[in-house]
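Some notes on the structure that comes next.
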Amino acid sequence: MNLTLKVWRQKDAKTPGAFETYKVEGISPDTSFLEMLDILNNKLIHEDGGAPVDFNKGCRGPVAFDHDCREGICGMCSLFINGEAHGPDSEITTCQLHMRKFKDGDTITIEPWRSAAFPVIRDLVVERQAFDKILQAGGFVSVNTGGVPDANAIPIPRDDAEESMDAAACIGCGACVATCKNGSAMLFVAARVSSLAKLPQGRVEGARRAKAMVARMDELGFGNCTNTQACQMECPKGISIAHIARLNREFLSAKFRD
Amino acid sequence: MYVPGENGEFNQEVEKALRLVDFLELGELMARDALNRNESCGGHFRVEYQTPEGEALRDDKNYAYVAVWEYKGEDHAPVMHKEELHFEVAHPAQRNYKD
Numbered sequence: 001m002n003l004t005l006k007v008w009r010q011k012d013a014k015t016p017g018a019f020e021t022y023k024v025e026g027i028s029p030d031t032s033f034l035e036m037l038d039i040l041n042n043k044l045i046h047e048d049g050g051a052p053v054d055f056n057k058g059c060r061g062p063v064a065f066d067h068d069c070r071e072g073i074c075g076m077c078s079l080f081i082n083g084e085a086h087g088p089d090s091e092i093t094t095c096q097l098h099m100r101k102f103k104d105g106d107t108i109t110i111e112p113w114r115s116a117a118f119p120v121i122r123d124l125v126v127e128r129q130a131f132d133k134i135l136q137a138g139g140f141v142s143v144n145t146g147g148v149p150d151a152n153a154i155p156i157p158r159d160d161a162e163e164s165m166d167a168a169a170c171i172g173c174g175a176c177v178a179t180c181k182n183g184s185a186m187l188f189v190a191a192r193v194s195s196l197a198k199l200p201q202g203r204v205e206g207a208r209r210a211k212a213m214v215a216r217m218d219e220l221g222f223g224n225c226t227n228t229q230a231c232q233m234e235c236p237k238g239i240s241i242a243h244i245a246r247l248n249r250e251f252l253s254a255k256f257r258d
Numbered sequence: 259m260y261v262p263g264e265n266g267e268f269n270q271e272v273e274k275a276l277r278l279v280d281f282l283e284l285g286e287l288m289a290r291d292a293l294n295r296n297e298s299c300g301g302h303f304r305v306e307y308q309t310p311e312g313e314a315l316r317d318d319k320n321y322a323y324v325a326v327w328e329y330k331g332e333d334h335a336p337v338m339h340k341e342e343l344h345f346e347v348a349h350p351a352q353r354n355y356k357d
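Residue numbers (the working numbering), protein chains in the order written: chain A, 1 to 258; chain B, 259 to 357.
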């Protein structure tokens, strides 16, 4: 397959970026999307012949993008492909996307996660420490739950355990924020709050957690939720907005009790 | 080795180059460690130290230790420290897995 790629290039958060157009040829449909970008980068490196990366002279050098496990679980890969977080397929991450989802001759637009809370580091790489900061504000259990025998000594309804696990499947990639027209991180925060609230050990600090995480989320520049459900549609782990409903309940009841 | 891009900036090619340096250094250290151990034992096999059947020829008298290598700087050989192994109840012995 021969493809035209419109790739966002940007030097850093302070410098305006722009799209650059590249062509790649002879791509097998079995190639993964990130492998295809590796092929592009290989081409760009060889074409330059040693010239330094100079964003004033037209972006040269390889395109920077995040990746790690390349198997859909780490949450690092984060490409906005043809206007969709993680590309055209559903419930997969960017690294699980393959070129057979595109046609020979296609033009593919590749952008980073767009959010005020995720400043661009370089090209397609954004800073997602804001997520870590939200988790540090309350996304944990500070009670000592003991070793494994203690945990299994507390009977937990099967449905609660299942729902907690469903929420815990969140990999913290940030696709929800990128997709949301308001740039809200509600699905991410809700997933964490839900996974802990459904378990007795997490219930203990439920009110404090909900308030602290929502406050931090707002402070860091994420937007507010208007229930468009776009996040749920694009989430690579299929996290449900029912968790957002739970977070809203938790938050309201916590505030009401204050 | 050609590393595109600048130093002191976000540069994934430098990251890859650093990993390569790490792998090479580790490989060199493993070779040095293997050359130091003049016996065959477990996964460590030296063709010069084998039994007539082709099994590992152990030298537990001289090599019953764990080797730890101390980094002494870029242009200096690492220094080996030994953690001696003392077997009190079960003693190591030559094994034959073929029968």
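For every residue, glycine included, the Cβ atom is placed at its ideal position computed from N, Cα and C.
Annotation for E163 of chain A: the continuous alpha helix (DSSP H) segment containing it runs R158 to A168. Note on the region 295-357 of chain B: whole beta strand (DSSP E) runs with a minimum of 3 residues are 323-328 and 337-342, in chain order. Of the residues A:M233, A:K103, A:H46 and A:L40, the one whose Cα lies closest to the Cα of E84 of chain A is A:M233. I244 of chain A is outside the set of residues whose beta carbon lies under 9 Å from a beta carbon in chain B.
Judged by their CB atoms, C95 of chain A and S32 of chain A are nearer to each other than the 9 Å cut-off.
Within chain B, no C-beta atom comes nearer than 9 Å to that of D38 of chain A; the closest sits roughly 11 Å away. Look at the beta carbons and you see the region 303-322 of chain B touching the region 332-351 of chain B: at least three pairs across the two are nearer than 8 Å. Below the 9 Å Cβ cutoff, chain B contributes P262, G263, E264, E267 and N269 as neighbours of V53 of chain A, in chain order.
Within 7 Å of the CB of I45 of chain A, the CB atoms of chain B belong to P262, in sequence order along the chain.
Straight through space, the alpha carbons of F303 of chain B and Y22 of chain A are spaced by roughly 51 Å. Here DSSP, grouped into helix, strand and coil, assigns H98 of chain A to strand.
Every alpha helix (DSSP H) of 4 residues or more that sits fully in the region 32-94 of chain A is shown, in chain order, as 33-48.
Contact between F102 of chain A and L3 of chain A holds: CB atoms are separated by about 7 Å, below the 8 Å threshold. For G61 of chain A, a Cβ of chain B is located within less than 9 Å of the residue's own Cβ. With its beta carbon less than 9 Å from one in chain B, I121 of chain A belongs to the interface.
In this structure, R60 of chain A places its C-beta atom within 9 Å of the C-beta atom of D54 of chain A. When C-alpha distances from M217 of chain A are compared across A:N41, A:R122, A:A242 and A:F188, the shortest belongs to A:F188.
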